[in-house]
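These notes are about the structure you will find just below.
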Amino acid sequence: MKLYKLFGTVLAGAALTFVASTAVTSDNNVSAQEDLEGTVEFYTSQPDADASALVEAFNEVYPNVEVNIFRSGTEEVIGKINAERQAGDIQADVLLVADSVTFEALAEDDLLLSYESTELEGIPEEFIAEDFLYYGTKVMATVIAYNTDNVEEAPTSWEALVSEDAAGSVVMPSPSYSGAAAYNAGVFTRNDFGWEFYEDLFENDTMVVQGNGGALQEVVGGNKDYAMVVDFITANAKAEGAPVELVYPEEGVPVITEPIGIMADTENEEASKAFVDFVLSVEGQEFAQSLGYTPIKEGVEAPEGLLTIDEIDVLEADLQELVEGREDDVSTFQDIFGE
Numbered sequence: 289m290k291l292y293k294l295f296g297t298v299l300a301g302a303a304l305t306f307v308a309s310t311a312v313t314s315d316n317n318v319s320a321q322e323d324l325e326g327t328v329e330f331y332t333s334q335p336d337a338d339a340s341a342l343v344e345a346f347n348e349v350y351p352n353v354e355v356n357i358f359r360s361g362t363e364e365v366i367g368k369i370n371a372e373r374q375a376g377d378i379q380a381d382v383l384l385v386a387d388s389v390t391f392e393a394l395a396e397d398d399l400l401l402s403y404e405s406t407e408l409e410g411i412p413e414e415f416i417a418e419d420f421l422y423y424g425t426k427v428m429a430t431v432i433a434y435n436t437d438n439v440e441e442a443p444t445s446w447e448a449l450v451s452e453d454a455a456g457s458v459v460m461p462s463p464s465y466s467g468a469a470a471y472n473a474g475v476f477t478r479n480d481f482g483w484e485f486y487e488d489l490f491e492n493d494t495m496v497v498q499g500n501g502g503a504l505q506e507v508v509g510g511n512k513d514y515a516m517v518v519d520f521i522t523a524n525a526k527a528e529g530a531p532v533e534l535v536y537p538e539e540g541v542p543v544i545t546e547p548i549g550i551m552a553d554t555e556n557e558e559a560s561k562a563f564v565d566f567v568l569s570v571e572g573q574e575f576a577q578s579l580g581y582t583p584i585k586e587g588v589e590a591p592e593g594l595l596t597i598d599e600i601d602v603l604e605a606d607l608q609e610l611v612e613g614r615e616d617d618v619s620t621f622q623d624i625f626g627e
């Protein structure tokens with residue numbers, strides 16, 4: 289079993305125990321809804337273990353709703369939706385992938401259902417899309433993860449990754465597969481870093497793998513010293529005893545919110561709405577926290593070792609520019625790294 293999968297499975301199991309004991313006695317009175325039936329096709333870029341655990345937690349409350357999971361990287365998930373759209377039959381009911389840029393593109397194509405969730409209390413307004421087309425579900429920052437056995441002095445800046453000392457020792461996920469990595473490319477290059485940062489990463493012999501999990505595994509195993517990865521998987525690995533630590537670089541970090549939304553052509557609207565409500569509820573947010581994610585809902589604490597959105601110096605860029613530039617951003621990255 290891959291080490292990353294092991295971390296996710298162990299934490300998911302613990303989280304399910306937590307949810308099973310609280311699902312019926314929640315502060316928001318979310319009790320078992322046996323009268324709701326249906327099937328939800330859930331497309332997501334979440335790690336396999338986390339997606340499965342989320343569905344099991346949802347079924348503690350809605351035991352008669354069947355949820356089928358399609359899981360891959362954000363770019364491949366969207367590719368599947370686009371292929372289904374061209375065939376005239378989008379199968380997805382609920383979508384949960386990395387970033388708001390992806391959802392904005394879907395919204396512009398009228399592919400999302402407007403639904404004002406009943407669980408919006410405590411969700412900051414900036415993470416609620418116009419017309420209630422999608423919602424942020426958690427806070428995930430891209431940070432520097434490093435192997436504590438290999439690195440004596442913790443890095444403080446993104447510049448550490450392009451230093452001579454880090455040559456051949458850095459790994460990152462590919463924007464061609466990872467929505468978070470694609471978002472990062474858009475944000476970094478619209479700030480002071482520019483494409484020069486990525487060119488320097490290439491010149492420094494940076495390794496590119498598919499997703500964040502694969503990048504972290506290279507550091508956990510000691511094959512690489514540093515990784516550009518989302519914070520929660522690093523904190524989870526550290527909690528399980530891996531020789532890793534994470535740093536929020538001083539220049540700031542890109543942040544994604546793993547939004548959730550319902551596809552406009554869903555034939556399972558009520559069950560899909562229930563799924564979205566669960567994810568945004570106090571119970572759903574506490575469950576996300578138990579998996580190691582920083583919840584987006586105010587009043588639900590971040591896991592140990594992670595910062596809340598109020599504590600993070602966020603690198604930002606204009607959302608519309610990111611939407612319009614996504615394809616070119618990925619293409620430029622591919623040109624630099626020869627993908």
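The numbering of the sequence shown is the working numbering, which starts it at 289 and goes up by one.
Virtual Cβ for every residue (Gly too), placed ideally from N, Cα, C.
Excluding the 5 residues flanking V518 on each side, which residues of the same chain have their C-beta closer than 8 Å to its C-beta?
M428, A429, T430, V431, A468, N500, I544
Below 8 Å between beta carbons: does that hold for D453 and P531?
no
Going by beta-carbon coordinates alone, are V355 and F563 separated by less than 8 Å?
Yes, Cβ-Cβ distance for V355 and F563 is below 8 Å.
From S464, D336, V343, residue whose alpha carbon lies closest to that of S619:
S464
Tell me where the beta strand (DSSP E) around Y514 begins and ends.
514–518
Report yes or no: do the segment 398–410 and the segment 565–574 share at least 3 C-beta pairs separated by less than 8 Å?
yes
State the DSSP-derived secondary structure class of I378, mapped to helix, strand or coil.
Secondary structure at I378: coil, using DSSP grouped into helix, strand and coil.
DSSP on A478, reduced to helix/strand/coil?
In the sequence as presented, Ala is not what sits at residue 478; that position holds Arg. DSSP, read as helix, strand or coil, puts R478 in coil.
Please classify G410: does DSSP put it in a helix, a strand, or coil?
coil
Could you tell me which of N435, A371, A515 sits nearest to G529, measuring between CA atoms?
When only C-alpha atoms are compared, the closest one is N435.
Whether or not the segment 496–515 and the segment 455–462 are in contact is what I'm after, with contact meaning three or more pairs of Cβ atoms, one per stretch, closer than 8 Å; do they touch?
yes
Mapping DSSP to helix, strand and coil, what is L342?
helix
Do L401 and M551 have their C-beta atoms within less than 8 Å of each other?
yes
Measuring straight from C-alpha to C-alpha, what distance separates V312 and S466?
Low local confidence applies: a pLDDT of 37 at V312 is under 50, so the model's placement there is unreliable, and no value is given.
Nearest by alpha-carbon distance to A398: which of F420, D387, E533 is it?
The amino acid at residue 398 is misidentified as Ala; the sequence shows Asp. Ranking F420, D387, E533 by Cα distance to D398 puts F420 first.
Going straight from the alpha carbon of G424 to that of T332, what length do you get?
14 Å
Would you kindly report the start and end of the unbroken alpha helix (DSSP H) that includes L504?
500–508
Does V439 come out as helix, strand or coil in the three-state DSSP assignment?
coil
If you draw a straight line from the C-alpha of N511 to the C-alpha of E440, how long is it?
16 Å
Just to check my reading of the structure: P412 and A523 have Cβ atoms closer than 8 Å, yes? What is that Cβ distance to the nearest angstrom?
In fact, because the Cβ distance is near 22 Å, the residues do not count as touching under 8 Å.
If you follow the beta strand (DSSP E) that G326 is in, where does it begin and where does it stop?
326–332
What would DSSP say about E538, mapped onto helix, strand or coil?
coil
For the beta strand (DSSP E) holding V353, just list the boundary residues, first then last.
353–359
What does a CB cutoff of less than 7 Å around N556 pick up in its chain, not counting 5 residues either side in sequence?
G326, T327, V328, D381
Skipping 5 residues on each side, what residues in its chain have a beta carbon closer than 6 Å to that of G502?
none
Secondary structure of L383, DSSP reduced to three states:
strand
From the DSSP output, which residues share a beta bridge with A433?
A515, L534
Our contact map puts D488 next to G456 with C-beta atoms below 8 Å; I'd like the distance itself, whole angstroms only.
At roughly 14 Å, the Cβ-Cβ gap does not stay under 8 Å, so D488 and G456 are not in contact.
Find the nearest neighbour of E372 within the set I600, D553, E627, judged by alpha-carbon distance.
D553
Kindly give me the distance between the Cβ atoms of Y403 and L449, rounded to whole angstroms, as I take these residues to be in contact under 8 Å.
Wrong, their Cβ atoms sit about 41 Å apart, outside the cutoff.
Determine the burial state of A559: buried for a count of at least 16 other Cβ atoms within 10 Å of its Cβ, exposed for fewer.
buried
Alpha carbon to alpha carbon, how far is G540 from A473? Give it in angstroms, no decimals.
14 Å
With I369 and I378 assumed to form a contact (beta carbons below 8 Å), what rounded beta-carbon distance in angstroms separates them?
6 Å
Any idea what DSSP makes of L400, helix, strand or coil?
L400: strand per DSSP, three-state reduction.
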